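Each residue of the sequence shown is one higher than the last, beginning at 7 in this note's numbering.
For every residue, glycine included, the Cβ atom is placed at its ideal position computed from N, Cα and C.
Computed from a prediction, not measured in an experiment: that's the story for all the values here.
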Amino acid sequence: MNIDYLIIGQGLAGSLLAWELIQRGCKVIVIDNGRENASQVAAGLINPITGMRFVKSADVDTLLPTAKHRYSQLADFFQQAFYVEKPMLRLFRNESELKNAGKRLSNPEYQAYLGDTQPPGETINPLATPFGFLEQKQTGYLLTRPLLSCLKAFFIANDSYRQADFDYRNIQLEPSLRWQDIFPKQIIFCEGYKATQNPWFCDLPFQLVKGEILTLEHQSELPDKILNYGNWLIPLNAHQIRIGATFDRENPDTQATEQGKNDLLTALSQVSVDLTHTTLVNHQANIRPCTHDRQPFIGWHPQYKHLAIFNGFGAKGSLQVPWYSEHFVDALLNGTPLPKTCNIQRHYETHFTG
Ligand SMILES: Cc1cc2nc3c(=O)[nH]c(=O)nc-3n(C[C@H](O)[C@H](O)[C@H](O)COP(=O)(O)OP(=O)(O)OC[C@H]3O[C@@H](n4cnc5c(N)ncnc54)[C@H](O)[C@@H]3O)c2cc1C
């Protein structure tokens with residue numbers, strides 16, 4: 007069977023890339039092994055202003071409108087909402103956070119994303135806010151699991167999906183590209199952290215970061231807002247929350263640990279005493295495909311031009327994948343140059359020796 011693109015991986019990256027290619031008339035097949043992936047575990051948060059210094063995420067002014075547009079297009083198509091826009095309360099952990107936020111507020115470039123700061127003394131029951139807080143705007147989260155399952159059903163209905171463990175040894179590169187009965191023009195690897203085992207792209211400077219997340223039941227009256235207190239809390243409904251996520255660079259595995267759970271629960275107990283009594287519903291772990299320079303890895307192998315990668319979305323897949331999939335498809339179909347910052351050409355000399 008002749009096709010245009012064989013995509014390996016049905017996480018958020020492979021799914022949105024395949025969706026975009028199909029929308030533009032390409033014949034695509036997506037291969038996935040069907041196991042739980044980072045995208046399904048992820049909280050899907052989009053938070054334009056992060057860190058202790060309240061820094062605006064790179065390119066958020068460009069990336070966010072495309073992400074919202076794509077998720078609303080998918081919601082129209084599947085008749086189901088996937089992106090939940092919800093303000094975020096940032097609870098300051100010390101005086102310098104309050105000060106830093108104050109500085110950003112006077113910067114016009116930040117005004118679309120920040121509400122007023124509330125000084126110490128202002129309270130929201132039942133939260134502890136000894137250093138005050140701030141409401142952030144244009145925050146929300148993507149319901150990744152239902153989105154990926156709708157897209158999987160769409161690919162299956164479109165004859166564009168196969169469940170399989172893709173074995174690199176079964177690719178024929180010459181005289182024409184082939185895998186099983188499929189002859190694609192190109193293969194695009196969207197394997198998340200598993201790219202570190204890919205024989206053609208494994209030397210790219212990935213920096214894998216494990217994360218753990220808890221789903222909990224509680225009996226407190228919480229505001230219907232995302233909370234950020236160093237970690238985050240997402241209210242799923244009146245009595246269920248997700249909290250996360252840990253950052254562990256030392257143990258790149260998918261095991262949920264007691265240590266991870268305890269760290270998350272300890273941080274939560276400092277937000278409100280009411281939240282010290284919760285019931286654990288789910289505890290998940292997976293691996294973020296982060297990169298050394300915090301930019302995605304997109305583009306073609308320097309030697310095998312029919313092998314490409316679309317990966318490296320780190321902790322920001324929900325924000326980044328829609329914009330980069332649109333622009334990678336422009337590059338694939340029209341030869342439009344990829345932005346230099348994401349193009350793996352930046353690593354040709356240093357990471358593709360031999
Ligand atoms: C705990 C945690 C919390 C996170 N929170 C957020 C968040 O709040 N906001 C946010 O934007 N991002 C978050 N992320 C990051 C987000 O998950 C990633 O940016 C994004 O999901 C990466 O998507 P991906 O498609 O590249 O990888 P994945 O989702 O891992 O998908 C890769 C797919 O490829 C398949 N695959 C790989 N190799 C093969 C093979 N040989 N054969 C067949 N199939 C194969 C895998 O099974 C998998 O389905 C979080 C991640 C974690 C782990």
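Mapping the DSSP letters down to three states, classify F334 as helix, strand or coil.
Three-state DSSP puts F334 in a helix.
Opening and closing residue of the beta strand (DSSP E) in which W238 lies:
238-243
Roughly how many angstroms lie between the CA atoms of S278 and I293, to the nearest whole one?
29 Å
For the stretch 132-177, which segments carrying the beta strand (DSSP E) assignment without a break, of at least 3 residues, lie completely within its bounds, in sequence order?
139-142, 146-148, 167-169
Near ligand 1: Y147 beta-carbon under 8 Å from a heavy atom:
yes
Of the residues E197, Q178, C196, F195, the one placed nearest I188, counting alpha carbons only
Q178
To the nearest angstrom, how far is it from the Cα of I249 to the Cα of L22?
When rounded, the distance between both Cα atoms is 26 Å.
Across the stretch 299-306 and the stretch 329-349, are there enough close Cβ pairs to call them in contact, namely three or more that are closer than 8 Å?
yes
Between which residues of its own chain and K62 is the CB-CB distance below 8 Å, once the five residues before and five after are set aside?
P54, I55, E115, Y116, Y119
Any heavy atom of ligand 1 within a distance shorter than 8 Å of the CB on P93?
no
Let me make sure I understand the geometry here. Which of D38, L18, L95 has the alpha-carbon closest to that of R76?
L18
Any idea what DSSP makes of D254, helix, strand or coil?
strand
Can you give me the C-alpha to C-alpha distance between H357 and R255, rounded to a whole angstrom?
Spanning the two alpha carbons is a distance of roughly 21 Å.
Indicate, with yes or no, if ligand 1 has a heavy atom lying under 8 Å from the CB of C196.
Yes, Cβ of C196 sits closer than 8 Å to a heavy atom of ligand 1.
Looking at the structure shown, is Q16 part of a helix, part of a strand, or coil, going by DSSP?
In the structure shown, Q16 sits in coil (DSSP, three-state: anything other than H, G, I, E or B).
Around the C-beta of C296, are 16 or more other C-beta atoms found within 10 angstroms, so that it is buried, or is it exposed?
buried
Whose C-beta lies closer than 6 Å to the C-beta of G266 among residues of the same chain, with five residues either side of it excluded?
E218, T252
Can you look up N204 in the DSSP assignment and give me helix, strand or coil?
coil
Straight-line CA distance for R99 to R168?
48 Å
Beta carbon of L271, beta carbon of Q246: below 9 Å?
no
Excluding sequence positions up to five away, which residues of its chain have a Cβ less than 7 Å from the Cβ of G108?
T123
Starting from F316, trace the beta strand (DSSP E) in both directions and tell me its first and last residue.
313-317
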